[in-house]
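To convert, note that position 285 of the sequence shown is 285 in full-length UniProt numbering; the numbers rise steadily by one, no gaps. Cβ coordinates follow ideal geometry from the N, Cα and C atoms, glycine included.
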Amino acid sequence: MVHCYPRGAPGEAGGHLSIHLVNHTNARNAKVLFEAIVLCRADAEATAAGVVVAPPCKNYHASSVFEYPPEGSHRFPWPRVVSATDLQQHCAVGGHATVVCGLAVLRHNPIPAPPSTYAADAAGLLEARRKFGDPDAAFAVGGRTFDVVRKVLAARSAVLTAELDGAEVEPPTTDGAGAAVPVARPRHEFGASTFCAVLLYVYCDRLPRGNECGCPVTIELVRDILAASDWYKLDRLKLLCARRLWDGLSVETVSKTLWYADTYRCPELKSLCIDFLTVGDNFKNAFSTEDFGWLIQNSPSVLDDLRRRFEAKNA
1 MVHCYPRGAP GEAGGHLSIH LVNHTNARNA KVLFEAIVLC RADAEATAAG VVVAPPCKNY
61 HASSVFEYPP EGSHRFPWPR VVSATDLQQH CAVGGHATVV CGLAVLRHNP IPAPPSTYAA
121 DAAGLLEARR KFGDPDAAFA VGGRTFDVVR KVLAARSAVL TAELDGAEVE PPTTDGAGAA
181 VPVARPRHEF GASTFCAVLL YVYCDRLPRG NECGCPVTIE LVRDILAASD WYKLDRLKLL
241 CARRLWDGLS VETVSKTLWY ADTYRCPELK SLCIDFLTVG DNFKNAFSTE DFGWLIQNSP
301 SVLDDLRRRF EAKNA
């Protein structure tokens with residue numbers, strides 16, 4: 001429910017239109033996008049008359065994303081949407097103002113991401129170059145070379161450190177610049193963009209954005225990052241990938257995503273994919289896709305998990 005206070009709600013400073021979004025249901029853990037537009041006088045009169053005003057006048061706009069916690073506040077206020085003076089001078093028509101509100105409940109993501117351990121793992125990272133010198137090792141993956149600092153990798157992933165321990169020392173560059181450093185060529189088959197995303201997480205504690213790893217962040221790339229996080233035993237990165245894949249889950253993507261979750265040991269995502277298939281017509285629609293046949297061929301045990309979930313749901 002939306003509560004409007006033209007001169008401020010009780011307890012507020014006053015002098016401004018205040019809008020409160022109030023949850024009167026028992027729903028919790030809900031994330032909503034709320035938008036409010038206070039129409040100027042010309043737009044308000046045109047809206048009432050069913051005509052379009054040109055050129056448009058100034059409206060007052062506010063939007064935000066609110067998340068209702070499991071317990072606690074059920075009310076989110078906007079205390080200063082527009083001043084009472086502007087509301088009266090520019091928006092009021094016959095003593096009334098028109099406020100257009102829009103509300104969208106965003107999809108709840110039930111996969112928890114553990115708190116970041118970045119600060120503890122990489123304490124003093126800002127001084128890494130001064131303390132440890134220039135990059136002292138490198139990885140060669142997919143035709144690209146990634147320079148790294150051993151001490152940083154050691155703080156974040158024992159597997160990355162182990163790969164460096166078995167690396168060979170390559171000769172200096174032909175022009176004599178730079179010192180020879182060990183170059184690791186990992187045994188995995190991940191592409192350069194996927195490995196770049198792993199290093200980005202190690203150094204910056206997040207998933208890639210835009211094209212910063214050499215390609216767009218597609219569902220396919222996030223699946224590969226999830227697989228790489230399993231290889232490198234980066235559990236938090238795996239859950240970050242799982243959350244992103246859950247956000248993009250559909251009947252077209254669920255089969256491949258379920259295979260990745262099953263193969264690379266992400267039980268949280270696997271369970272949600274199976275739950276998704278038991279809802280409405282999702283199973284029927286997913287069954288007709290080519291990827292579902294591929295899933296059954298490559299992970300036949302998933303059918304048993306799915307059957308048990310259907311039986312438990314219908315018991």
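* To do: Would you mind stating whether E35 and S63 have Cβ atoms separated by less than 7 Å?
  => Sequence index remark: in the sequence shown, residue 35 carries index 35 (1-based). Sequence index remark: in the sequence shown, residue 63 carries index 63 (1-based). Between E35 and S63, the gap from beta carbon to beta carbon is short of 7 Å.
* Cβ pair count under 8 Å reaching 3, the segment 145-152 against the segment 95-114 -> Output reads no: the segment 95-114 does not touch the segment 145-152.
* Paired residues, beta bridge with K60 - DSSP -> Here residue 60 refers to the residue found at position 60 when the sequence shown is read from its first residue. Looking at the sequence itself, residue 60 is Tyr, so the reference to Lys does not match. As DSSP reads the structure, Y60 sits in a beta bridge with V38.
* What do you get for T194, buried or exposed, if any count of 16 or more other CB atoms within 10 angstroms of its CB means buried? -> Here residue 194 corresponds to residue number 194 of the sequence shown, with the count starting at 1. By the 10 Å Cβ count, T194 comes out buried.
* Given a threshold of 16 other Cβ atoms within 10 Å of its Cβ, counted over all protein chains shown, does C266 qualify as buried or as exposed? -> Taking the sequence shown and counting its residues from 1, the one referred to as residue 266 is at position 266. C266 should be labelled buried.
* What residues in its chain sit with their C-beta under 8 Å from that of K313, if we drop five residues either side in the sequence? -> Position 313 of the sequence shown, counted from the first residue, corresponds to residue 313. Closer than 8 Å at Cβ, skipping near neighbours: T278.
* Between L125 and F190, what straight-line distance do the alpha-carbon atoms span, to the nearest angstrom? -> Reading the sequence shown from its first residue, position 125 is the one you call residue 125. Reading the sequence shown from its first residue, position 190 is the one you call residue 190. Low per-residue confidence applies at L125: pLDDT is 46, beneath 50, and the placement is therefore not dependable, though the value from the model is reported in the following sentence. In this structure, the straight-line span from the alpha carbon of L125 to that of F190 is close to 27 Å.
* To do: With DSSP as the reference, label T145 as helix, strand or coil.
  => Here the question's residue 145 lines up with position 145 in the sequence shown. T145 falls in the strand class under three-state DSSP.
* Does the beta carbon of H20 come closer than 7 Å to any beta carbon on chain D? -> The structure shown contains no chain D; it is built from a single protein chain.
* Among D224, R236, A228, F276, which has the Cα closest to the Cα of D247? -> By 1-based counting over the sequence shown, the position of residue 247 is 247. Taking the Cα of D247 as reference, the smallest distance to any Cα among D224, R236, A228, F276 is reached at F276.
* Which residues DSSP lists as bridging L33, in chain order -> Position 33 of the sequence shown, counted from the first residue, corresponds to residue 33. According to DSSP, L33 bridges with V65, A104.
* For the alpha helix (DSSP H) holding A155, just list the boundary residues, first then last. => Taking the first residue of the sequence shown as position 1, residue 155 is located at position 155. That run of the alpha helix (DSSP H) goes 150-156.
* Candidates D86, W294, C196: closest to G214 by CA position -> The residue labelled residue 214 in the question sits at position 214 within the sequence shown. Comparing Cα positions, the closest option is C196.
* With a CB to CB cut of under 6 Å and the five nearest residues on each side skipped, what residues in its chain are close to R7? -> As a working mapping, residue 7 is identified with position 7 in the sequence shown. Shown here for R7: same chain residues with a beta carbon closer than 6 Å to its own, the five before and five after excluded, namely G14, A84 in chain order.
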